[in-house]
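Chemist:
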Amino acid sequence: MKKYLGSCAIAAIVLATAGSAMARDQIKVTGSSTVFPYSQAAAEEYANKTGKAAPVVESVGTGGGFKAFCGGIGEDFADITGASRAIKDSEVKLCADNGVTDITEALIGYDGLSIAVSRANTTDWSLTEEQIFKALAAELPDGKGGFIANPNQMWSDIDPALPATKIVAFGPPPTSGTRDAFVELVMHDGCKGLPGMADLQKADADKWNEVCSRMRQDGPFVEAGENDNLIVQRLEADANSIGIFGYSFLFENSDKLKDVKINGVPATFETIADGTYPVARPLFFYVKNAHRDVIPGMKEFLEEYMSDAALGQDGYMAERGLTPLAPEKFKEAQKAVLEGKKFGS
Numbered sequence: 001m002k003k004y005l006g007s008c009a010i011a012a013i014v015l016a017t018a019g020s021a022m023a024r025d026q027i028k029v030t031g032s033s034t035v036f037p038y039s040q041a042a043a044e045e046y047a048n049k050t051g052k053a054a055p056v057v058e059s060v061g062t063g064g065g066f067k068a069f070c071g072g073i074g075e076d077f078a079d080i081t082g083a084s085r086a087i088k089d090s091e092v093k094l095c096a097d098n099g100v101t102d103i104t105e106a107l108i109g110y111d112g113l114s115i116a117v118s119r120a121n122t123t124d125w126s127l128t129e130e131q132i133f134k135a136l137a138a139e140l141p142d143g144k145g146g147f148i149a150n151p152n153q154m155w156s157d158i159d160p161a162l163p164a165t166k167i168v169a170f171g172p173p174p175t176s177g178t179r180d181a182f183v184e185l186v187m188h189d190g191c192k193g194l195p196g197m198a199d200l201q202k203a204d205a206d207k208w209n210e211v212c213s214r215m216r217q218d219g220p221f222v223e224a225g226e227n228d229n230l231i232v233q234r235l236e237a238d239a240n241s242i243g244i245f246g247y248s249f250l251f252e253n254s255d256k257l258k259d260v261k262i263n264g265v266p267a268t269f270e271t272i273a274d275g276t277y278p279v280a281r282p283l284f285f286y287v288k289n290a291h292r293d294v295i296p297g298m299k300e301f302l303e304e305y306m307s308d309a310a311l312g313q314d315g316y317m318a319e320r321g322l323t324p325l326a327p328e329k330f331k332e333a334q335k336a337v338l339e340g341k342k343f344g345s
């Protein structure tokens, strides 16, 4: 875990903002579109059990969530943010610069990063990470030590065994944690084995990262925003297109979509949990501890979110597509949140 920056006194800030913060009687949760359905489920359960107003849950992407969360302390700023990756050093600094220095990090479970097609598509899809890179990267090695703009327009251009259909992939924007995870877990792995890339990584790591990370912008890859429902609509409209999002969303839309196997392995709860599925990631949420005793209901909401009924092996979040933590890890996360363990301590 990244080392958190040195804390600073926040008591004066909390006192100064407590009066205005108390004017807000709803908890604010923001962040990742992948974590959104889990936060929404906890919000509904909290409201049903307590009779209090349900927390306001927004889906703005992991990066957008940290921007909102780290903006400051007080009623104008989010209390909790969900994330489909760990907080970055730059975000830790942004928080610290704005007085947000006491944060609790919670690992809540795992999510596979899935590629899916419409059920109307009759192909039994299976792609390797290298094939995915060759389809979606902005540049490819030219075999002479240089790079060329990606020429592949059809899947069959990459491998004659693949369908002779246009490459059209709908995916998340750069602000999304899903995009970060896709680049790191799929594009980088697919890039590694191409001619000359191992030597380039040793000689110029920055250039390697640039080439292996850049998505093409000439049409085959389409940024579809933070709303995964729009990707589903586009896949239904074009049965030959593919979509990129978290497994939980595929699970929730399994009546409309089916997964594309990656390296021959299907995305399932079992393959994500046991590590055989090659594209899985941890999911987090972050709590602003300065708000715990100021925003009404924070304590009760966190208890609900971290309860066995929610995040346990048979909890209602698993029913929505979350791959639960092993019992020992879950108890550690539960203890950290309920006790307000400071991030980096």
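Residue numbers (the numbering used here): 1 to 345. Every residue gets a Cβ at the ideal spot worked out from N, C-alpha and C, and that includes glycine. As the structure is a prediction and not an experimental result, all values here were calculated from the model.
Quick test of the definition: if touching needs 3 or more C-beta pairs under 8 Å, does the stretch 246–258 touch the stretch 307–322?
Modeler: Segments in contact, yes.
Chemist: Which partner residues of M306 appear in the DSSP bridge assignment?
Modeler: If you number the sequence shown from 1, residue 306 lands on position 306. Beta-bridge pairing links M306 to no other residue.
Chemist: With H, G and I counted as helix, E and B as strand and the rest as coil, what does DSSP make of V232?
Modeler: Counting from one through the sequence shown, the residue named residue 232 turns up at place 232. In this structure, V232 counts as helix in the three-state DSSP scheme.
Chemist: What are the start and end residues of the alpha helix (DSSP H) that includes L200?
Modeler: Within the sequence shown, the letter at position 200 stands for residue 200. Run containing L200: M197 to A203, per the alpha helix (DSSP H) assignment.
Chemist: Can you check the stretch 30–90 for any alpha helix (DSSP H) of at least 4 residues that lies completely inside it and give the ranges in chain order?
Modeler: Runs found: 36–50 and 62–69.
Chemist: Where does the unbroken beta strand (DSSP E) through Y316 begin, and where does it stop?
Modeler: Position 316 of the sequence shown, counted from the first residue, corresponds to residue 316. Y316 -> no beta strand (DSSP E), and no H or E assigned at all.
Chemist: Just the C-alpha distance for L338 and D97, rounded to the nearest angstrom, thanks.
Modeler: Position 338 of the sequence shown, counted from the first residue, corresponds to residue 338. Position 97 of the sequence shown, counted from the first residue, corresponds to residue 97. Rounded to the nearest angstrom, the two C-alpha atoms are 26 Å apart.
Chemist: What's the gap between the Cα of A43 and the Cα of S307?
Modeler: On the sequence shown, position 43 is the one that residue 43 refers to. On the sequence shown, position 307 is the one that residue 307 refers to. Their backbone Cα atoms lie some 13 Å apart in a straight line.
Chemist: Do A78 and F69 have their beta-carbon atoms positioned less than 7 Å apart in this structure?
Modeler: Residue numbering aside, residue 69 sits at position 69 when the sequence shown is read from its first letter. Residue numbering aside, residue 78 sits at position 78 when the sequence shown is read from its first letter. For F69 and A78, yes; Cβs fall inside 7 Å.
Chemist: According to DSSP, simplified to helix, strand and coil, what is P266?
Modeler: Stepping through the sequence shown from its first residue, residue 266 is reached at position 266. DSSP places P266 in coil when its eight states are reduced to three.
Chemist: Would you kindly work out how many angstroms separate the C-alpha atoms of L136 and G190, rounded to a whole number?
Modeler: Translated into the one-based positions of the sequence shown, residue 136 becomes position 136. Translated into the one-based positions of the sequence shown, residue 190 becomes position 190. If I take the Cα positions, the gap works out to 10 Å.
Chemist: Is DSSP giving F330 helix, strand or coil here?
Modeler: Along the sequence shown, one-based indexing puts residue 330 at 330. The answer is helix: DSSP assigns F330 an H, G or I state.
Chemist: Measure the CB-CB distance between V222 and F170 and report whether it falls below 7 Å.
Modeler: Here residue 222 refers to the residue found at position 222 of the sequence shown. Here residue 170 refers to the residue found at position 170 of the sequence shown. The answer is yes: Cβ separation under 7 Å.
Chemist: By the three-class DSSP mapping on this structure, what secondary structure does I27 have?
Modeler: Within the sequence shown, residue 27 is the residue found at index 27, counting from 1. The answer is coil: DSSP assigns I27 none of H, G, I, E or B.
Chemist: Using 8 Å as the Cβ pair cut-off and three pairs as the minimum, do the stretch 166–186 and the stretch 57–77 touch?
Modeler: As far as the Cβ criterion goes, the stretch 166–186 touches the stretch 57–77, which means the pair count is three or higher.
Chemist: For P141, write down the residues that DSSP places opposite it in a beta bridge.
Modeler: Walking along the sequence shown from the start, residue 141 turns up at place 141. DSSP, once it has assigned bridges, lists F147 as partnering P141.
Chemist: Are P282 and Y110 closer than 7 Å when you measure CB to CB?
Modeler: On the sequence shown, residue 282 is found 282 positions in, with the first residue counted as 1. On the sequence shown, residue 110 is found 110 positions in, with the first residue counted as 1. Yes, the pair counts as a contact, with Cβ atoms nearer than the cut-off.
Chemist: My output table needs one value for D102: the three-state DSSP class, helix, strand or coil.
Modeler: If you number the sequence shown from 1, residue 102 lands on position 102. Coil, per DSSP.
Chemist: Decide yes or no for the touch test of the stretch 285–304 against the stretch 36–56: beta carbon pairs closer than 8 Å, at least 3 of them.
Modeler: With a cut-off of 8 Å, the stretch 36–56 and the stretch 285–304 count as touching, because enough Cβ pairs lie within range.
Chemist: Would you kindly work out how many angstroms separate the C-alpha atoms of I262 and E184, rounded to a whole number?
Modeler: For the purposes of this step, residue 262 is taken as residue 262 along the sequence shown, with counting starting at 1. For the purposes of this step, residue 184 is taken as residue 184 along the sequence shown, with counting starting at 1. I262 and E184: Cα-Cα distance of roughly 15 Å.
Chemist: According to DSSP, is R292 helix, strand or coil?
Modeler: Numbered from its first residue, the sequence shown carries residue 292 at position 292. Correct three-state label for R292: coil.
Chemist: Return helix, strand or coil for Y286, following the three-state DSSP convention.
Modeler: Start at 1 with the first residue of the sequence shown, and residue 286 comes out as number 286. Residue state, collapsed to three classes: strand.
Chemist: Among E91, S59, D255 and V232, whose alpha-carbon lies nearest the alpha-carbon of S39?
Modeler: Taking the first residue of the sequence shown as 1, we reach residue 39 at position 39. Answer by Cα proximity: S59.
Chemist: Which of the three DSSP states, helix, strand or coil, is assigned to S118?
Modeler: Along the sequence shown, one-based indexing puts residue 118 at 118. In the structure shown, S118 sits in a strand (DSSP, three-state: E or B).
Chemist: Tell me which same chain residues have a C-beta within less than 7 Å of the C-beta of Q26, skipping the five on either side of it?
Modeler: Translated into positions along the sequence shown, residue 26 becomes position 26. Contacts found: A53, P55 and V56.
Chemist: Do D259 and L250 have their CB atoms nearer than 7 Å?
Modeler: Position 259 of the sequence shown, counting from 1, holds the residue named residue 259. Position 250 of the sequence shown, counting from 1, holds the residue named residue 250. Contact flag set, yes.
Chemist: Name the DSSP beta bridge partners of G312, please?
Modeler: Taking the sequence shown and counting its residues from 1, the one referred to as residue 312 is at position 312. According to DSSP, G312 bridges with nothing at all.
Chemist: Report all residues from its chain with a CB closer than 7 Å to the CB of D159; omit the five preceding and five following residues, and keep chain order.
Modeler: For the purposes of this step, residue 159 is taken as the residue at position 159 of the sequence shown. Closer than 7 Å at Cβ, skipping near neighbours: Q131.
Chemist: What residue range does the beta strand (DSSP E) around L257 cover?
Modeler: The residue given as residue 257 occupies position 257 in the sequence shown. Taken as a continuous stretch (DSSP letters only), the beta strand (DSSP E) holding L257 covers L257 to D259.
Chemist: Which residues in the same chain have their Cβ closer than 6 Å to the Cβ of G315, if we skip the five residues on either side of it in sequence?
Modeler: Within the sequence shown, residue 315 is the residue found at index 315, counting from 1. Closer than 6 Å at the Cβ level, and outside the excluded window around G315, lie A309.
Chemist: Helix, strand or coil: how does DSSP classify V279 here?
Modeler: In the sequence shown, the residue the question calls residue 279 occupies position 279. DSSP places V279 in coil when its eight states are reduced to three.
Chemist: In whole angstroms, what is the alpha-carbon distance linking P353 and G146?
Modeler: Any question about residue 353 goes unanswered here, given that the chain covers just 1 to 345.
Chemist: Might you give, ordered along the chain, the residues of its own chain that have their beta carbon closer than 7 Å to the beta carbon of A336, omitting 5 neighbours on each side?
Modeler: Position 336 of the sequence shown, counted from the start, is the residue given in the question as residue 336. Excluding residues within five positions, the ones whose Cβ falls inside 7 Å are T104 and A106.
Chemist: Whose CA, out of P266, Q201, T123 and F343, lies closest to the CA of S241?
Modeler: Working through the sequence shown from its first residue, we reach residue 241 at position 241. Measuring from the Cα of S241, the nearest candidate turns out to be T123.
Chemist: Applying the 10 Å Cβ sphere with the 16-neighbour rule, what's the burial state of K331?
Modeler: For the purposes of this step, residue 331 is taken as the residue at position 331 of the sequence shown. So K331 counts as exposed.
Chemist: Would you call Q334 buried or exposed, if buried means 16 or more other Cβ atoms sit within 10 Å of its Cβ?
Modeler: Position 334 of the sequence shown holds residue 334. It is buried - the Cβ of Q334 has at least 16 other Cβ atoms within 10 Å.
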